[in-house]
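Heads up, the sequence shown is in this note's numbering, so the first residue is 10 and it goes up one at a time.
For every residue, glycine included, the Cβ atom is placed at its ideal position computed from N, Cα and C.
Predicted model, so just to flag it, every value in this text is computed and none were measured.
See below for the structure under consideration.
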Amino acid sequence: MGDFEMMKKTTSALAVAALLGTGAASAATFQVNEDATISIGGDFQMAYSSTTDRTGTDQTGFVDNGTSLVFSGEHAADNGLTTFFNLDLDGFDTTQDDQANQGNVVDEASVGVRGAFGEIRVGSDVGVYDDYADFGDIEWIGNRTSFSNSDVSDVIQYSNTVGAVDFTLQAQVGDQSSEDATTDLNANPNATAAQIDDVTDAAAGESSTSLGAGASIDLGGVTLSGAYEEDNNDDEDAIFGIGAMATLGGVDFTVGYEEDQVEANSIDKVVLNAAYTVNAITVTGSVQNVSFDSIPNNAAQGDDGRLENTEDPESNINQDDDSFTETNLSIAYSMTPQVTLWAEAIRNDRLNDEGDYNAVGLFYAW
Numbered sequence: 010m011g012d013f014e015m016m017k018k019t020t021s022a023l024a025v026a027a028l029l030g031t032g033a034a035s036a037a038t039f040q041v042n043e044d045a046t047i048s049i050g051g052d053f054q055m056a057y058s059s060t061t062d063r064t065g066t067d068q069t070g071f072v073d074n075g076t077s078l079v080f081s082g083e084h085a086a087d088n089g090l091t092t093f094f095n096l097d098l099d100g101f102d103t104t105q106d107d108q109a110n111q112g113n114v115v116d117e118a119s120v121g122v123r124g125a126f127g128e129i130r131v132g133s134d135v136g137v138y139d140d141y142a143d144f145g146d147i148e149w150i151g152n153r154t155s156f157s158n159s160d161v162s163d164v165i166q167y168s169n170t171v172g173a174v175d176f177t178l179q180a181q182v183g184d185q186s187s188e189d190a191t192t193d194l195n196a197n198p199n200a201t202a203a204q205i206d207d208v209t210d211a212a213a214g215e216s217s218t219s220l221g222a223g224a225s226i227d228l229g230g231v232t233l234s235g236a237y238e239e240d241n242n243d244d245e246d247a248i249f250g251i252g253a254m255a256t257l258g259g260v261d262f263t264v265g266y267e268e269d270q271v272e273a274n275s276i277d278k279v280v281l282n283a284a285y286t287v288n289a290i291t292v293t294g295s296v297q298n299v300s301f302d303s304i305p306n307n308a309a310q311g312d313d314g315r316l317e318n319t320e321d322p323e324s325n326i327n328q329d330d331d332s333f334t335e336t337n338l339s340i341a342y343s344m345t346p347q348v349t350l351w352a353e354a355i356r357n358d359r360l361n362d363e364g365d366y367n368a369v370g371l372f373y374a375w
């Protein structure tokens with residue numbers, strides 16, 4: 010998607026206020042020749058947080074918050090087409106010394122071609138839901154309820170802009186019958202039922218292609234955005250969301266509705282975000298009401314040590330109610346065009362205050 014994964018179309022009003030207002034930097038671009046360019050960019054992200062665990066005990070720590078290294082490039086051909094690539098590497102731990110295998114995680118990798126017809130991209134990239142409808146995903150750290158698959162693998166995407174309408178169509182090829190079939194479930198004791206089902210289907214040689222679509226339209230003062238995305242290897246599960254963005258009195262607002270149609274315990278949520286920038290400071294607030302069909306309860310563990318996710322296969326939440334309200338408040342200060350300092354508080358309205366946290370951090374973009 011470019012230099013910063015957190016800048017997404019769905020929260021464009023907030024993202025522009027928070028990132029441009031706080032001075033997000035651009036990657037360095039090198040002109041290889043008259044037709045080709047290569048860009049190198051990335052960011053250092055560090056945070057210190059205090060998070061409440063399931064027992065109500067606060068756990069503190071200094072952690073890397075998603076440092077990345079991004080390579081991209083493009084070549085303009087004589088026939089009017091432009092080919093391009095993007096490679097986004099994660100897996101860094103900038104808070105620890107003598108770490109081996111740094112940056113060995115491919116977050117996104119894709120190649121594509123664009124022209125008058127639009128753009129086609131193949132590989133792994135941000136999914137259409139994350140791009141157009143993950144309205145609540147505005148946190149610096151983030152552990153509130155989210156349906157998004159975030160990055161998607163084995164994907165083919167077609168995107169274009171027609172007038173005021175921007176859209177992307179997506180097909181995620183779901184043939185997982187080779188190496189994935191040997192996935193060791195015991196390597197992940199917290200694997201959810203949905204993840205286990207995916208691997209079980211793969212081991213049986215089952216495959217499916219999941220479809221998705223997202224679009225936004227600028228109506229002049231108000232932007233509407235929405236997306237639909239199927240879950241890979243499960244035709245019965247799908248997520249969708251629709252929302253609106255506008256600026257009123259200098260405050261950027263986003264309101265959205267999202268639904269996860271997971272068969273065992275479907276979830277819906279209503280999101281309201283607001284951001285206000287004064288000089289180099291941006292204050293952002295968000296409230297989302299989350300409702301399950303039945304009370305999510307994943308406190309028990311089976312004989313194999315895995316959480317018993319029969320009631321709520323999409324999360325590890327343990328609740329005494331089927332509806333709760335999650336809030337976020339953050340402030341970001343642009344110290345320089347490259348460096349942003351931030352502070353954030355999350356309240357998740359769960360038993361024993363599970364998942365609540367306070368954090369401060371640094372975002373250095375280059």
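For aspartate 99, the uninterrupted beta strand (DSSP E) segment begins and ends at 91-99. Annotation for valine 161: Gly136 and Gln181 place their beta carbon closer than 6 Å to its own, counting only its chain and skipping 5 residues before and after. Within the same chain, and ignoring the five residues on either side of threonine 60 in sequence, the residues whose Cβ sits closer than 6 Å to its Cβ are Gln68 and Tyr366. As computed with DSSP, leucine 360 is found in no beta bridge at all.
Boundaries for aspartate 134: no alpha helix (DSSP H) harbours it, while the beta strand (DSSP E) harbouring it runs 127-135, taken from the DSSP string. Contact between glycine 82 and serine 48 holds: their C-beta atoms lie close to 7 Å from each other, under 8 Å. Per DSSP, the beta-bridge partners of serine 234 are Ser225 and Gly252. The C-beta separation of alanine 224 from glycine 235 comes to about 7 Å, placing the pair in contact by the 8 Å criterion. With fewer than 16 other Cβ atoms from the protein chains shown falling within 10 Å of its own Cβ, glycine 259 counts as exposed. Bounds of any beta strand (DSSP E) do not take in phenylalanine 156, whose DSSP letter is neither H nor E.
When C-alpha distances from phenylalanine 71 are compared across Ser58, Ala283, Ser332 and Arg63, the shortest belongs to Ser58.
Here phenylalanine 301 is bridged, per DSSP, to Ile276. With fewer than 16 other Cβ atoms from the protein chains shown falling within 10 Å of its own Cβ, phenylalanine 39 counts as exposed. Glycine 89 places its beta carbon less than 8 Å from that of alanine 125.
Collapsing the DSSP output to three states places aspartate 365 in coil. Methionine 55: member of the beta strand (DSSP E) spanning 45-61, first to last residue.
From the listed residues Arg63, Asp44 and Gly50, the smallest Cα separation to glycine 364 is found for Arg63.
Taking a cut-off of 8 Å on C-beta distances, the segment 331-341 touches the segment 349-361, as three or more cross pairs fall below it.
In the three-state reduction of the DSSP assignment, aspartate 139 falls in the helix class. Close CB contacts of threonine 104 within its chain, under the 8 Å cut and outside five residues either way in sequence, are with Met55, Phe71, Val72 and Asp73 (chain order). For alanine 36, the three-state secondary structure derived from DSSP is coil. Annotation: valine 369 to tryptophan 149 spans about 9 Å, alpha carbon to alpha carbon. Bridge pairing for phenylalanine 372: Gln54 and Thr349 [DSSP]. Counting the other Cβ atoms within 10 Å of the Cβ of glutamate 272 gives fewer than 16, which makes it exposed. Nearest to serine 343 by C-alpha distance, out of Gly265, Tyr373, Tyr167 and Asp52, is Tyr373.
Per DSSP, reduced to three states, the secondary structure at alanine 289 is coil, with no helix or strand assignment.
Serine 119 has Asn95 and Gly132 as its beta-bridge partners, per DSSP. In terms of Cα proximity to alanine 45, the closest of Arg123, Thr232, Arg130 and Phe93 is Phe93.
Glutamate 43 and aspartate 106 have their C-alpha atoms roughly 41 Å apart.
In the DSSP assignment, valine 264 falls within the unbroken beta strand (DSSP E) covering 260-269. CA-CA distance, asparagine 152 to aspartate 87, rounds to 47 Å.
For glutamine 166, the CB contacts under 6 Å within the same chain, skipping 5 residues up- and downstream, are Arg130, Thr177 and Gln179 in chain order. Judged by DSSP secondary structure, threonine 334 falls within the beta strand (DSSP E) whose first and last residues are 332-343.
Rounded to the nearest angstrom, the Cβ distance from tyrosine 138 to serine 168 is 14 Å, too far for a contact under 8 Å.
DSSP, read as helix, strand or coil, puts glutamate 83 in strand.
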